[in-house]
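**Q** Counting from 83, one number per residue, gives the positions in the sequence shown under my numbering. C-beta: ideal position from N, C-alpha, C; glycine also.
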Amino acid sequence: MSYQEAMTAQHRSCDAAFAEIEQAAHRKDWVAAAEAARIFITQTKAHFRFEEEVLFPALEAATPMAGGPVSVMCMEHTQMRELFGELRTAADNRDIAFLHDVVETLLLLMQQHNMKEENILYPIADQSLSDGLLGRF
83 MSYQEAMTAQ HRSCDAAFAE IEQAAHRKDW VAAAEAARIF ITQTKAHFRF EEEVLFPALE
143 AATPMAGGPV SVMCMEHTQM RELFGELRTA ADNRDIAFLH DVVETLLLLM QQHNMKEENI
203 LYPIADQSLS DGLLGRF
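(1) Measure the C-alpha to C-alpha separation of T126 and G150 and round it to an integer number of angstroms.
(2) Could you tell me how far apart the beta carbons of H195 and M155 are, in whole angstroms, since I believe they sit closer than 8 Å?
(3) By alpha-carbon positions, which one of P205, V185 and P146 ends up nearest to R163?
(4) A207 and W112 - do their beta-carbons sit closer together than 8 Å?
(5) I'd like the list of long-range same chain contacts for E158, defined as Cβ closer than 6 Å, with 5 residues on each side in sequence excluded.
(6) Pull up the distance between the alpha-carbon of S153 and that of E87, whole angstroms please.
(7) With a threshold of 16 other CB atoms inside 10 Å of the CB of M89, please say whether the residue is buried or exposed.
(8) Run through DSSP, which three-state label would M83 get?
(9) Which one of M83, A115, F100 and L141 has the shortest CA to CA distance from A190?
(10) Looking at the structure shown, is L189 part of a helix, part of a strand, or coil, going by DSSP?
(11) At which residues does the alpha helix (DSSP H) containing E117 begin and terminate?
(12) Count the other C-beta atoms from every protein chain shown that fall within 10 angstroms of the C-beta of E199, then say buried if there are 16 or more, exposed otherwise.
(13) If you measure between the beta carbons of L203 and A140, is that distance less than 8 Å?
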């Protein structure tokens, strides 16, 4: 399996968990919304951890030109992590308006972020790295 395929599949899995947060909130099932937020955050943090600790360092070592895009991705990870706390707070407080605002912000950031990874970094990884690192995910 390629990095493109494996990492994009992870994005889609995180996206599905993310969508469940708002769906549960609109059903006024706040227990499910809070659990969906927990699952989404856990999955996404694991994805970030693999990228930051394994994939990105390997990319930078193999392809020095990847350093710029990698630094942008790490900055965006930090921005998203900050929003995770707000997401959890909104779900825990059953605040649909705040939840909607956080979801909109996160969605926009994630869409732009994932597009850059899927169209720039993962293809570079497929060209520059062996697929052996995928076993560490």
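**A** Considering the structure as presented:
(1) 22 Å
(2) 7 Å
(3) Closest by alpha carbon: V185.
(4) no
(5) Same-chain partners within the cutoff: H195.
(6) 22 Å
(7) buried
(8) coil
(9) As written in the sequence, residue 190 is Leu, which differs from the Ala given in the question. Nearest Cα to L190 within the set M83, A115, F100 and L141: F100.
(10) helix
(11) W112 to F132
(12) buried
(13) no
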